[in-house]
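For reference, the structure is listed below as structure tokens.
In my numbering, the protein residues as written are 1291 to 1420.
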């Protein structure tokens, strides 16, 4: 697995946003499931702060694929989470737990992640926390 992708996921599971940011290109494009593209580390950090407020998550059963040449990577994993605080437009949070298959896709440029795209089944998540 690409070292930078490994570092990114290790930082995610440690809840270490600063270490995640260190893995990213300054102008990272963050493609969020069911959301708009956010560009730049500042927007990514704001997203992480919001997510940490509403959710506690750990990624397990990770499988990472890397394209020849190391410029692209993908990962499939299980999100094991707790819904901590109600997120706008979503069901009310009451400490519900969830287990959700998900995946991420990456572009890597000059040793940093320049694109993160994450996908999961929102309807499945809603059903689990409703």
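Positions of the beta carbon are idealized from the N, C-alpha and C atoms, including for glycine.
Enclosing alpha helix (DSSP H) for residue i [first to last residue]
{"i": "residue 1342", "result": "1331 to 1344"}
Residues that residue i bridges to, as DSSP identifies them
{"i": "residue 1379", "result": "Residue 1379 pairs with nothing; no bridge assigned."}
{"i": "residue 1309", "result": "Bridge partners of residue 1309: none, in fact."}
{"i": "residue 1328", "result": "1320"}
Unbroken beta strand (DSSP E) run spanning residue i, endpoints
{"i": "residue 1374", "result": "Where residue 1374 is concerned, there is no enclosing beta strand (DSSP E), given that its DSSP letter is neither H nor E."}
{"i": "residue 1406", "result": "1402 to 1410"}
{"i": "residue 1318", "result": "1314 to 1321"}
{"i": "residue 1393", "result": "1387 to 1399"}
Residue i - DSSP class collapsed to helix/strand/coil
{"i": "residue 1348", "result": "strand"}
{"i": "residue 1416", "result": "helix"}
{"i": "residue 1365", "result": "strand"}
{"i": "residue 1358", "result": "coil"}
{"i": "residue 1293", "result": "helix"}
Rounded distance between the beta-carbons of residue j and residue i, thought under 8 Å
{"i": "residue 1393", "j": "residue 1365", "result": "6 Å"}
{"i": "residue 1406", "j": "residue 1320", "result": "5 Å"}
{"i": "residue 1421", "j": "residue 1402", "result": "Since the displayed the chain opens at 1291 and closes at 1420, residue 1421 lies outside it and no answer follows."}
Contact check, residue i vs residue j, beta carbons under 8 Å
{"i": "residue 1315", "j": "residue 1404", "result": "yes"}
{"i": "residue 1389", "j": "residue 1370", "result": "yes"}
{"i": "residue 1295", "j": "residue 1354", "result": "yes"}
{"i": "residue 1367", "j": "residue 1350", "result": "yes"}
{"i": "residue 1410", "j": "residue 1323", "result": "yes"}
{"i": "residue 1337", "j": "residue 1311", "result": "no"}
{"i": "residue 1396", "j": "residue 1363", "result": "yes"}
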